[in-house]
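Undergrad:
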Amino acid sequence: MNNRLIRMAAAAIALAGAVSLTSCDPDEEYNPSQDPSEKIEAPHVSVAEGATVDAGISTILLTYSKPVSLNPSESVTLNDAAVSASVNAEDRCIVELSVALAPGTAYTLVVPERAAAVIGSTWFAPGVTVNFSTSDAPVVPTDIQPLINPNASAQAKNVHDFLVAEYGKHILSGAMANVNNNNDFADWLYGITAKYPAITGYDFIHLPESGQDWIDYSDIAPAKTQWQANGLVSYMWHWRVPTDEQAWKDKDYDRWGCRVPGTDVEGPTDFDITRALTPGTWENEFILEDLDKVSAVFKLLEAEGIPVLWRPLHEAAGSYKYSGAWFWWGAKGGEATKELWKLMYDRIVNVNGVNNLIWVWTSQCEEGYYDNMAADYPGNDFVDVVGLDVYADNDESQKEAFSALKRMTDGKKLLALSETGRLQSPEKCIADGAGWSWFNLWYTYDAHKDNPATDGFGNTAESIKAVFGSPYTINREDMPSLK
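Numbering-wise (the numbering used here), the sequence shown opens with residue 9 and increments by one.
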């Protein structure tokens with residue numbers, strides 16, 4: 009939240025509640041000779057005692073009478089759960105609390121008396137407790153931006169409009185294709201649940217081999233089957249590239265991959281993104297050729313009136329906390345990845361005239377690294393949907409991540425679980441105010457042949473049925489025609 013918005017919010021709060029906020033100079037320095045009675049007051053809270061607020065808010069402000077720093081030993085809590093707190097970088101008198109609220113819920117916010125101190129001192133601010141509740145109305149967005157492509161196809165607009173209308177009310181089911189270009193995994197899910205996923209995802213991972221007798225992306229029959237049954241179509245790209253120019257010329261696919269060197273995962277490559285972004289290099293010629301190939305597939309889909317949720321360059325940052333980037337498109341940092349994203353958009357849309365895409369960016373969201381995530385985000389002008397890839401060992405809603413992504417996008421973009429293993433509970437997501445637009449279950453290899461009792465992520469047949477059968481889940485059978 010920028011300084012202007014914070015000041016506007018504080019002014020609105022003061023006006024609405026007739027609250028007199030103590031003047032605070034964010035640049036004020038600690039003065040050890042100051043009268044102790046004037047050290048620091050309890051913070052004013054942007055949510056008033058006994059108020060009923062919209063569950064869609066993601067930030068609560070604490071406004072102090074002096075610039076403060078936070079005490080890491082004391083946590084601000086909301087209904088006894090710790091919430092993320094940070095001092096605003098532009099106004100050190102304001103602390104921002106990141107929250108994910110559920111409709112129709114009573115809350116108690118507790119700011120301990122030692123949660124904040126005057127900067128450079130041991131003068132702790134008094135604490136405060138505020139009781140408030142949220143309205144029963146579901147969180148429905150009112151300011152989701154239109155698609156970034158002004159020439160987007162009518163079907164792409166229809167899909168986006170539908171997703172916006174359902175956002176915060178229902179979650180679309182989704183599943184990845186088994187490796188590449190088929191509906192095998194979706195069929196397996198139907199065999200368990202008697203329901204097809206509303207979204208089926210496909211992967212351009214075998215683009216170099218396309219046209220061989222076992223893989224041909226110009227065969228769009230799987231996507232047509234999904235769309236003709238009112239389902240939605242998604243494509244992603246484990247973008248395999250040659251490790252050197254000779255491997256490209258020889259079409260030696262054993263020397264192609266998408267992973268950075270040094271990983272213990274199959275498919276490393278020395279391909280350099282910075283050279284790929286430099287006109288006149290073989291790497292640049294290669295990526296433009298590949299972008300033309302995927303554009304040709306998208307044009308086939310567009311000719312059939314099929315829009316695509318398009319999610320390239322996923323998981324670019326890898327892990328901020330641990331291993332760093334694990335794909336070549338993130339190996340040289342976020343600025344290079346963003347440049348590649350924009351080049352990709354220009355080549356596919358402006359050069360090749362593809363207009364049936366909804367552009368989905370995957371953010372790497374890790375607690376404590378939200379600033380890194382925001383720095384790597386291409387920005388709202390270049391993205392339609394922000395996704396999160398999460399492989400948790402539980403069915404919780406991931407509400408903290410939802411709140412962080414919402415802050416990063418100023419609430420102007422749809423948020424989705426673009427990859428997941430253990431399925432999140434739709435009931436918990438809606439109750440926690442984490443109304444993800446869709447989830448996308450990653451496939452368990454050969455599940456359609458082996459029919460395991462439990463998939464590779466701990467989902468049992470019964471738990472999968474429960475998610476697909478939830479009143480908060482939209483499956484393909486529930487979808488309207490968006491043609």
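Beta carbons are placed, not taken as given, at the ideal position from N, Cα and C, and that holds for glycine.
Classify Ile207 as helix, strand or coil using the three-state DSSP reduction.
TA: Indexing the sequence shown from 1 puts residue 207 at position 199. Looking at Ile207 - three-state DSSP - the assignment turns out to be strand.
Undergrad: At what residue ranges does the stretch 149-236 contain a whole run of the beta strand (DSSP E), taking only runs of 3 or more?
TA: List check, beta strand (DSSP E) in window: 182-184 and 207-211.
Undergrad: So Tyr378 is in the alpha helix (DSSP H); what residue range does that whole segment cover?
TA: For the purposes of this step, residue 378 is identified with residue 370 of the sequence shown, where counting begins at 1. That run of the alpha helix (DSSP H) goes Tyr378 to Asp384.
Undergrad: May I ask which residues mark the beginning and end of the beta strand (DSSP E) holding Leu70?
TA: As a position in the sequence shown, residue 70 is number 62, starting the count at 1. It spans Thr67 to Thr71 - the beta strand (DSSP E) in which Leu70 sits, taken as one unbroken run.
Undergrad: Applying the 10 Å Cβ sphere with the 16-neighbour rule, what's the burial state of Ala311?
TA: The residue given as residue 311 occupies position 303 in the sequence shown. Exposed: under 16 other Cβ atoms inside 10 Å.
Undergrad: How many Å lie between Phe447 and Lys436 at the Cα?
TA: Sequence index remark: in the sequence shown, residue 447 carries index 439 (1-based). Sequence index remark: in the sequence shown, residue 436 carries index 428 (1-based). One C-alpha to the other measures close to 13 Å.
Undergrad: Whole-angstrom Cβ separation of Asp392 and Thr370, contact assumed at under 8 Å?
TA: Here residue 392 refers to the residue found at position 384 when the sequence shown is read from its first residue. Here residue 370 refers to the residue found at position 362 when the sequence shown is read from its first residue. Not really, about 13 Å apart at Cβ, beyond 8 Å.
Undergrad: From Gly58 to Ser433, what distance separates their C-alpha atoms?
TA: Locating residue 58 in the sequence shown gives position 50, counting from the first residue. Locating residue 433 in the sequence shown gives position 425, counting from the first residue. Cα to Cα, the separation comes out at about 30 Å.
Undergrad: In this structure, how does DSSP classify Asp397 when only helix, strand and coil are distinguished?
TA: Along the sequence shown, one-based indexing puts residue 397 at 389. Three-state DSSP puts Asp397 in a strand.
Undergrad: Give me whichever residues DSSP pairs with Leu117 in a beta bridge.
TA: In the sequence shown, residue 117 corresponds to position 109, counting from 1. Answer is Leu86 and Val138.
Undergrad: Given that a residue counts as buried once 16 or more other Cβ atoms are within 10 Å of its Cβ, and exposed if not, what is Gln254?
TA: Position 246 of the sequence shown, counted from the start, is the residue given in the question as residue 254. That one is exposed.
Undergrad: Check each candidate in Glu293, Leu299 and Thr208 and name the one with the smallest Cα separation from Trp349.
TA: Locating residue 349 in the sequence shown gives position 341, counting from the first residue. Comparing Cα-Cα distances from Trp349 to each of Glu293, Leu299 and Thr208, the minimum goes to Leu299.
Undergrad: Report the rounded CA-to-CA distance for Ala17 versus Phe140, giving the unit in angstroms.
TA: Working through the sequence shown from its first residue, we reach residue 17 at position 9. Working through the sequence shown from its first residue, we reach residue 140 at position 132. In this prediction, Ala17 scores a pLDDT of 44, lower than 50, which makes its location untrustworthy; the coordinate-derived value is nonetheless stated afterwards. Those two C-alpha atoms are separated by around 18 Å.
Undergrad: With a floor of 4 residues, list each alpha helix (DSSP H) that falls wholly inside the stretch 260-316, ordered by position along the chain.
TA: Fully enclosed alpha helix (DSSP H) runs of 4 or longer: 281-284 and 290-311.
Undergrad: Three or more C-beta pairs closer than 8 Å, one from the stretch 358-372 and one from the stretch 149-164: is that the case here?
TA: Touching, yes.
Undergrad: If you reduce the DSSP assignment to three classes, tell me which class Arg100 lands in.
TA: Counting from one through the sequence shown, the residue named residue 100 turns up at place 92. Of the three classes helix, strand and coil, the one that applies to Arg100 here is coil, per DSSP.
Undergrad: Starting from Met244, follow the beta strand (DSSP E) in both directions and report where the run begins and ends.
TA: Taking the sequence shown and counting its residues from 1, the one referred to as residue 244 is at position 236. That run of the beta strand (DSSP E) goes Leu240 to Met244.
Undergrad: Does Arg15 come out as helix, strand or coil in the three-state DSSP assignment?
TA: For the purposes of this step, residue 15 is taken as residue 7 along the sequence shown, with counting starting at 1. Residue placement at Arg15 cannot be trusted, given a pLDDT of 37 that sits under 50; what the coordinates show is reported in the next sentence. Helix.
Undergrad: Hey, how far is the Cα of Thr481 from the Cα of Glu174?
TA: What you label residue 481 is simply residue 473 of the sequence shown in a count that begins at 1. What you label residue 174 is simply residue 166 of the sequence shown in a count that begins at 1. About 10 Å.
Undergrad: Alpha carbon to alpha carbon, how far is Thr289 from Lys257?
TA: Reading the sequence shown from its first residue, position 281 is the one you call residue 289. Reading the sequence shown from its first residue, position 249 is the one you call residue 257. When rounded, the distance between both Cα atoms is 14 Å.
Undergrad: Taking the continuous beta strand (DSSP E) assigned at Trp369, which residues delimit it?
TA: Mapped onto the sequence shown, residue 369 falls at position 361. Segment Leu365 to Ser371, the beta strand (DSSP E) holding Trp369.
Undergrad: Residues in its own chain within less than 6 Å of Lys407 by CB, not counting five upstream and five downstream?
TA: Taking the first residue of the sequence shown as 1, we reach residue 407 at position 399. For Lys407, where only same-chain residues beyond five positions count, the Cβ hits under 6 Å are Ala108, Asp440 and Ala442.
Undergrad: Assign Gln236 to one of two classes, buried (16 or more other C-beta atoms within 10 Å of its C-beta) or exposed (fewer than that).
TA: For this step, residue 236 is matched to residue 228 along the sequence shown. Exposed is the call here.
Undergrad: If we count the other Cβ atoms within 10 Å of its Cβ and call it buried at 16 or more, is Glu470 buried or exposed?
TA: The count along the sequence shown starts at 1 and reaches residue 470 at position 462. The residue in question, Glu470, is exposed, as its Cβ has fewer than 16 Cβ neighbours within 10 Å.
Undergrad: Considering only residues of the same chain and omitting the five flanking positions on each side of Asp195, which have a CB-CB separation below 7 Å?
TA: Against the sequence shown, residue 195 aligns to sequence position 187. Closer than 7 Å at the Cβ level, and outside the excluded window around Asp195, lie His456.
Undergrad: Give me the DSSP bridge partner(s) of Arg319.
TA: As a working note, residue 319 is residue 311 in the sequence shown. According to DSSP, Arg319 bridges with Met244.
Undergrad: Pull up the DSSP beta-bridge partners for Ser92, would you.
TA: Taking the sequence shown and counting its residues from 1, the one referred to as residue 92 is at position 84. DSSP, once it has assigned bridges, lists Ser106 as partnering Ser92.
Undergrad: Given 8 Å as the limit, is there contact between the stretch 314-328 and the stretch 370-381, that is, 3 or more CB pairs closer than that?
TA: With a cut-off of 8 Å, the stretch 370-381 and the stretch 314-328 count as touching, because enough Cβ pairs lie within range.
Undergrad: One question on the structure: do Gly176 and Ala206 come within less than 8 Å of each other, judged by their Cβ atoms?
TA: By 1-based counting over the sequence shown, the position of residue 176 is 168. By 1-based counting over the sequence shown, the position of residue 206 is 198. In this structure, Ala206 does not lie closer than 8 Å to Gly176 by Cβ.
Undergrad: Under 8 Å, with one C-beta from each stretch per pair, do the stretch 72-88 and the stretch 104-119 reach the 3-pair mark?
TA: Touching, yes, given that three or more Cβ pairs across the two stretches are closer than 8 Å.
Undergrad: Quick one: grab the DSSP three-state call for Leu431.
TA: As a working note, residue 431 is residue 423 in the sequence shown. Coil.
Undergrad: Taking a contact to mean a Cβ-Cβ separation below 8 Å, would you say Leu425 touches Val394 in this structure?
TA: Taking the first residue of the sequence shown as position 1, residue 425 is located at position 417. Taking the first residue of the sequence shown as position 1, residue 394 is located at position 386. No, they are not a contact pair.
Undergrad: Going along the chain, which residues of its own chain have a beta-carbon closer than 8 Å to the beta-carbon of Phe294, five neighbours each way excluded?
TA: Within the sequence shown, the letter at position 286 stands for residue 294. Excluding sequence neighbours, Phe294 sits near Val249, Pro250, Trp256 and Ala284.
Undergrad: Label Asp486 either buried or exposed according to how many other C-beta atoms from any shown protein chain fall within 10 Å of its C-beta, with 16 as the threshold for buried.
TA: Residue mapping note: residue 486 aligns to position 478 of the sequence shown, counting from 1. Exposed: under 16 other Cβ atoms inside 10 Å.
Undergrad: Can you tell me the Cα-Cα spacing of His168 and Met416, whole angstroms?
TA: Counted from its first residue, the sequence shown places residue 168 at position 160. Counted from its first residue, the sequence shown places residue 416 at position 408. Each residue's alpha carbon lies about 20 Å from the other.
Undergrad: Rounded to whole angstroms, what's the CA-CA distance from Glu104 to Arg430? Just pull it up for me.
TA: Taking the first residue of the sequence shown as 1, we reach residue 104 at position 96. Taking the first residue of the sequence shown as 1, we reach residue 430 at position 422. Going from the Cα of Glu104 to the Cα of Arg430 covers about 31 Å.
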